[in-house]
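Residue numbers (mature numbering (1 follows the signal peptide of the UniProt record, and there is no 0)): -22 to -1, 1 to 232. For glycine and all other residues, C-beta sits at the position ideal for the given N, C-alpha and C. Remember, it's a predicted structure, so these values are computed and weren't measured experimentally.
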Ligand code: ARG
């Protein structure tokens, strides 16, 4: 008997795993809450200010939830864990500056872009600011980002060091442990402004469109998010949030 129930228990556990499903739009609406993930360490897009999650992406997600008449339940987790976590249904959507790439499209669906930007070189005054000046240099980037991919393609660079957080790469640059940091151009702009002449931004290495990610095969949720983005674009909300953080329009839905 004992062994049969043990087997049943084991089977139950085995069966339980595949029944975990992405929460579809009907379920989300019924619960009244959208579970959204971000990183919380990527200013000015998503970061903590005195214990409060804030940033362009946090405001965008909050505007989306409001339009959809949903409460927001925020989860924060490391950027490099987010694509995999989507498949485990730990949240409905993530907004954490994911560039739309073919590689990521194999595992997740992307919404329409909530901003467009690119990867830029940042260095200390006198440091390398152009791709051609990166020969023999040590670059620092956040793990699992499009900046890491771009840095690895720089010809002649000595080494690419990866850090769990983008702010760690920034600190490594300020501390002289790397020669250049590759990051988002608006992250760079904010960091340079705050640095008091300790940092300079250089050449743009590539451009990218940035969007929210969700589990593959959740077409109704994807449709709702895209329609809401379009509505927030046409009523001027997206532009207003953008100007609050960047003093310019970083959106690209038009
Ligand atoms: N845009 C870059 C990418 O797609 C970096 C995003 C980093 N996001 C973050 N929350 N740290 O990989």
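According to DSSP, simplified to helix, strand and coil, what is residue i?
i: residue 10; result: coil
i: residue 61; result: helix
i: residue 295; result: Coverage of the chain is limited to positions -22 through 232, which leaves residue 295 absent and any answer about it impossible.
i: residue 212; result: helix
i: residue 33; result: coil
State buried or exposed for residue i, treating a residue as buried only when at least 16 other CB atoms are found within 10 Å of its CB.
i: residue 97; result: buried
i: residue 5; result: exposed
i: residue 315; result: With the chain running from -22 to 232 in the structure shown, residue 315 is simply not present.
i: residue 103; result: exposed
i: residue 137; result: exposed
i: residue 1; result: buried
i: residue 82; result: buried
i: residue 29; result: exposed
Near residue i, which residues of its chain fall below 8 Å by C-beta distance, leaving aside the five closest residues on each side in sequence?
i: residue 112; result: 99, 106, 132, 134, 135, 157 and 158
What does the alpha-carbon distance come out to for the pair residue i and residue j?
i: residue 31; j: residue 211; result: 23 Å
i: residue 161; j: residue 174; result: 18 Å
i: residue 48; j: residue 209; result: 16 Å
i: residue 59; j: residue 89; result: 19 Å
i: residue 61; j: residue 26; result: 21 Å
i: residue 115; j: residue 19; result: 26 Å
i: residue -9; j: residue 64; result: With a pLDDT of only 46 at residue -9, under 50, the local geometry of the prediction cannot be trusted, and no value is derived from it.
i: residue 189; j: residue 24; result: 14 Å
Take residue i and list the residues in its own chain whose beta-carbon comes closer than 7 Å to its own, dropping the five residues that flank it on each side.
i: residue 124; result: 77, 79, 97 and 186
Going by beta carbon distance, what residues of the same chain come within less than 6 Å of residue i, once the five residues before and after it are set aside?
i: residue 13; result: 51, 69 and 70
i: residue 221; result: none
Original post:
Are the stretch 216 to 232 and the stretch 195 to 204 touching by the rule of at least three beta carbon pairs closer than 8 Å?
Top reply: They do not touch, by the three-pair rule.
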